[in-house]
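Enquirer: Per the UniProt record's numbering, the sequence shown runs over residues 1 to 324. For reference, the structure I am asking about is given below.
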Amino acid sequence: MKTVYLHIGANKTGSTSIQRFMNNNKKWLADHDVFYPNLGVYDNAHYEVSEFFGFGPKLSGAPLFFEKKLSKCIAGSEQNKVVLSSEYLMLDGSIDRVKSFLSDYRVKVILYIRRHDLWFESLYNQAVKTAQNPPWEKGASSYLDYQMNRGRQRFDYLEVIERWASAFGKDAMIVRPFERQQFFKKDLISDFIKSLGVGFESRPHEVDDVANESLSVRILDFVDSLNRIKNISADDKALAIKAVSEMTKGDKKRFALSPSQRIELIRRFEPSYKVIATTYLNRSDGRLFYEDFPEADADWMEPEKATLAQAIGLFAKLSQRIQF
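Printed below as a string of structure tokens:
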């Protein structure tokens, strides 16, 4: 019996890098008995598949007769392992519909999860970079409050896991902590391939396996301010953000969330961590994440507020790089 692996995210756990690798290395995967379909792919991921199942936003619309085409695609594959990847499957949708459609196959669900303080830090950074005129006020605290109280994403990993486990069974769940020290070979892509039950000595490497790099905390408020200006085109904003991001790549890692906020997030979800660790990873100690715990008295500085002087300085440096 074929096995269909549903990679459901979570977002900001390297999904973009995984999807790019899978889509760019179909021949190598096929040689290892893995099929990553072309059907339903949008930006390397199977977003049209998740849309067909009723998860996530409406895109351009799944192709006509998509159900029949997808069914034929999976059934007709020469490989015994089929991978469908979309982090939109983390959102609310009809899992029963997915189960019914895949009733002829063994199903495994792969989910990478990140400690919540680090996850929210990354979610906020990405939101600042991409959200035009967002509904929350400026700053990490406002974003955190908005998402926890009005956002549509599920933030308790255990809720997500149990929803899928109730449909496909506990043994169908492959839960992986998103921490480099816990990855197979300390490499995300290798860890994902191993999760498919594939044995390999080496894997193909992309020119750059890292995708969706974060903005420096130093320019978060500047970029946030820029994205809230309504009379600048999205394309012009994107160009400016890319330029200032390139200029601050060497900045030291800093956090937008304070140590107390980070600790509060961890404590809030710690009970779920223990259940996940014991139930789905068979860890008797109940420890899910191994990253160092934030220090309450750590030397933390609130992210800089955007100023005219900062803007002039950034664009002065930018102009020095441009050849007129």
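We treat Cβ as the ideally placed atom computed from N, Cα and C, and that holds for glycine. From a predicted model like this one, the values you see are computed outputs, not experimental measurements.
Counting Cβ pairs closer than 8 Å, one from the stretch 74-88 and one from the stretch 49-59, do we hit at least three?
Expert: Verdict: yes, contact present.
Enquirer: Looking at the structure shown, is Arg-106 part of a helix, part of a strand, or coil, going by DSSP?
Expert: It is a strand residue.
Enquirer: DSSP puts Arg-176 in a beta bridge; with which residues?
Expert: For Arg-176, which the question treats as bridged, DSSP gives the partners Tyr-112.
Enquirer: Just list the alpha helix (DSSP H) runs in the stretch 208-282, keeping only unbroken ones of 4 residues or longer that don't cross its boundaries, in chain order.
Expert: The qualifying runs are 220-227, 234-247 and 259-280.
Enquirer: Less than 9 Å separating the beta-carbons of Thr-279 and Lys-170?
Expert: Yes. Within cutoff.
Enquirer: Check this for me: beta carbons of Leu-6 and Lys-108, under 9 Å apart or not?
Expert: Contact flag set, yes.
Enquirer: Does Lys-81 come out as helix, strand or coil in the three-state DSSP assignment?
Expert: It is a strand residue.
Enquirer: Please report the straight-line C-alpha distance between Leu-288 and Pro-177, rounded to a whole angstrom.
Expert: In a straight line, the C-alpha of Leu-288 is about 7 Å away from that of Pro-177.
Enquirer: Hey, could you find the ends of the alpha helix (DSSP H) Thr-16 is sitting in?
Expert: Run containing Thr-16: 15-24, per the alpha helix (DSSP H) assignment.
Enquirer: Which one or two residues does DSSP pair with Tyr-5 in a beta bridge?
Expert: Answer is Val-83 and Lys-108.
Enquirer: Do Phe-35 and Glu-78 have their CB atoms nearer than 9 Å?
Expert: For Phe-35 and Glu-78, yes; Cβs fall inside 9 Å.
Enquirer: Do the stretch 218-238 and the stretch 94-112 meet, that is, are 3 or more Cβ pairs less than 8 Å apart?
Expert: Contact fails: fewer than three Cβ-Cβ distances are below 8 Å.
Enquirer: Taking DSSP as the reference, what is the three-state secondary structure of Phe-183?
Expert: Correct three-state label for Phe-183: coil.
Enquirer: Work out the CA separation of Asn-231 and Phe-315 for me, nearest whole Å.
Expert: Taking the straight line from one Cα to the other gives about 19 Å.
Enquirer: Within 10 angstroms of its Cβ, does Ile-193 collect 16 or more other Cβ (buried), or is it exposed?
Expert: Ile-193 comes out buried.
Enquirer: Assuming Met-148 is part of the alpha helix (DSSP H), what are its boundary residues?
Expert: 140-150 is the extent of the alpha helix (DSSP H) around Met-148.
Enquirer: From what residue to what residue does the alpha helix (DSSP H) around Val-198 run?
Expert: Careful: Val-198 lies outside any alpha helix (DSSP H) and carries neither H nor E.
Enquirer: Do Lys-72 and the ligand MN come close, with the Cβ less than 8 Å from some heavy atom?
Expert: With respect to the ligand MN, the structure shown offers nothing to examine, as it has no ligands at all.
Enquirer: Under 8 Å: do the stretch 216-227 and the stretch 247-258 share three or more Cβ pairs, one atom per stretch?
Expert: These segments touch.
Enquirer: Using the three-state DSSP reduction, which class does Lys-160 fall into: helix, strand or coil?
Expert: The residue asked about is misnamed: residue 160 is Val in this sequence, not Lys. Three-state DSSP puts Val-160 in a helix.
Enquirer: May I ask you to report which of helix, strand or coil DSSP gives Phe-66?
Expert: DSSP places Phe-66 in helix when its eight states are reduced to three.
Enquirer: Going by other Cβ atoms of all chains shown within 10 Å of its Cβ, with 16 needed for buried, is Leu-308 buried or exposed?
Expert: Exposed: under 16 other Cβ atoms inside 10 Å.
Enquirer: Using 10 angstroms around the beta-carbon of residue 347, count the other beta-carbons present and answer buried if the total reaches 16, otherwise exposed.
Expert: Not covered by the structure: residue 347. The range shown for the chain is 1 to 324.
Enquirer: Rounded to the nearest angstrom, what separates Arg-20 and Asn-44 at their Cα positions?
Expert: In a straight line, the C-alpha of Arg-20 is about 5 Å away from that of Asn-44.
Enquirer: Go ahead and pull the three-state DSSP assignment for Phe-53.
Expert: Reduced to three states, the DSSP call for Phe-53 is helix.
Enquirer: Judging by CA-CA distance, which residue of Glu-121, Arg-180 and Phe-65 is the nearest neighbour of Glu-291?
Expert: When each option's Cα is compared against that of Glu-291, the closest is Arg-180.
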